[in-house]
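Remarks on the structure that follows.
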């Protein structure tokens with residue numbers, strides 16, 4: 003069974019959740035799948051599937067100066083390779099690709115992965131939402147089957163686009179982080195951890211307010227943030243709450259440093275208003291870090307009863323959960339053990355096997 007993947011996401015993200023999803027999916031495909039991948043530049047980390055065939059179709063210098071010309075060249079080159087491969091299934095790495103490439107309808111069944119409906123749910127908060135929604139709608143209409151990474155995402159997809167449930171499947175993703183075998187224990191400090199972007203729906207401001215409340219009686223506590231550096235506006239909001247000395251940005255870090263940040267923290271605090279899945283809580287559970295997260299959207303599917311869940315709009319409740327773990331470190335042990343058991347339910351091999359089953363269904 004020939005599966006065709008475009009490499010659009012590798013040009014959009016140098017690293018990231020979708021980038022890693024495509025890489026791990028290809029690597030773990032079962033033996034009856036023959037993946038083909040076309041990219042516009044060599045990959046830093048080529049997926050290691052033994053049957054993988056790749057083609058690099060670099061944009062000529064004559065077109066490189068113009069973004070529209072570069073896009074047209076990439077689309078033409080991708081279609082040319084697609085027609086040569088004659089795949090059984092086309093699985094675009096990014097939904098916008100299939101939204102713009104209606105000719106793909108002639109070359110195998112189309113499977114599209116839907117990660118979330120964030121732009122649909124928070125269109126007022128996010129710039130470019132209308133364009134993203136328009137492209138997603140086209141992709142949804144052109145797909146023969148839609149893979150959703152959580153049951154919550156499937157419900158939202160059906161609600162927003164009226165997709166029949168029979169055209170959808172739920173295939174959870176996984177996390178890579180792990181503690182190396184034989185690694186020494188690390189001391190847990192007095193700091194909580196937040197991981198990821200701080201887009202408005204991530205609810206970072208309420209986390210800052212919760213921190214300010216518990217620090218009024220526990221001044222030694224603090225918060226580390228992995229992700230983009232603070233903007234000037236964020237620094238002003240942190241200062242307005244009197245938390246400049248307590249909140250630190252660790253920036254974007256590699257996996258080893260991220261594991262270390264998780265392990266040294268009291269807990270990951272993740273009060274997001276909406277997630278399509280929720281990778282940071284799964285990462286935290288894998289490496290033995292307690293989780294405080296929202297009890298909304300997809301997050302309960304990820305954490306089950308292995309985390310402290312909270313109403314993300316209730317600042318007092320967020321502060322209360324943080325205080326519980328700061329004041330009673332023994333409470334952490336039960337969450338750590340439950341989190342590890344929960345995280346073991348998610349794996350890349352399971353994800354790839356279930357995705358391959360979808361391919362066989364539609365091919």
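Numbering (this note's numbering), first residue to last: 3 to 365. Ideal placement from N, C-alpha and C gives every residue a C-beta, glycine not left out. Bear in mind the structure is a predicted one, so any value in this text is a computation, not a measurement.
Could you check where the alpha helix (DSSP H) with residue i kicks off and where it finishes?
i, result
"residue 232", "First-last for residue 232: undefined, no H or E at that position."
"residue 155", "153 to 163"
"residue 261", "257 to 266"
"residue 215", "206 to 217"
"residue 323", "317 to 329"
DSSP three-state call for residue i: helix, strand or coil?
i, result
"residue 38", "strand"
"residue 55", "strand"
"residue 249", "strand"
"residue 361", "helix"
"residue 45", "coil"
"residue 311", "strand"
"residue 187", "coil"
"residue 5", "strand"
"residue 12", "helix"
"residue 131", "helix"
"residue 175", "coil"
"residue 105", "Any reading at residue 105 must be qualified, since the residue scores a pLDDT of 48, below 50, and its modelled position is unreliable; the value itself is stated next. Looking at residue 105 - three-state DSSP - the assignment turns out to be helix."
"residue 226", "strand"
"residue 91", "strand"
"residue 180", "coil"
"residue 343", "helix"
"residue 296", "strand"
Considering only their Cβ atoms, is the gap separating residue j from residue i smaller than 9 Å?
i, j, result
"residue 210", "residue 252", "no"
"residue 49", "residue 32", "no"
"residue 142", "residue 114", "yes"
"residue 331", "residue 190", "yes"
"residue 203", "residue 117", "no"
"residue 163", "residue 137", "no"
"residue 239", "residue 207", "yes"
Specify, as a first and last residue, the run of the beta strand (DSSP E) that residue i falls within.
i, result
"residue 270", "270 to 272"
"residue 148", "147 to 150"
"residue 200", "Where residue 200 is concerned, there is no enclosing beta strand (DSSP E), given that its DSSP letter is neither H nor E."
For residue i, which residues from the same chain have a beta carbon less than 7 Å from its beta carbon, with the 5 sequence-adjacent residues on both sides left out?
i, result
"residue 12", "21, 41, 45"
"residue 312", "273, 294, 296, 297, 319, 320, 323"
"residue 156", "150, 170, 172"
"residue 304", "279, 280, 283, 284"
"residue 112", "92, 100, 106, 144, 145, 146"
"residue 24", "7, 11, 95"
Excluding the 5 residues flanking residue i on each side, which residues of the same chain have their C-beta closer than 6 Å to its C-beta?
i, result
"residue 264", "286, 289, 291"
"residue 29", "49, 50, 51"
Might you give, ordered along the chain, the residues of its own chain that have their beta carbon closer than 8 Å to the beta carbon of residue i, omitting 5 neighbours on each side?
i, result
"residue 326", "310, 333"
"residue 349", "176"
Does the beta carbon of residue i sit closer than 9 Å to a beta carbon anywhere in chain C?
i, result
"residue 350", "The chain labelled as chain C is not found in the depicted structure, where only one protein chain is given."
- Is the number of C-beta pairs between the stretch 121 to 128 and the stretch 84 to 103 that are closer than 8 Å three or more? no
- Assess, as a yes-or-no matter, whether the stretch 221 to 228 is touched by the stretch 192 to 208 under the definition of 3 or more beta carbon pairs within less than 8 Å. yes
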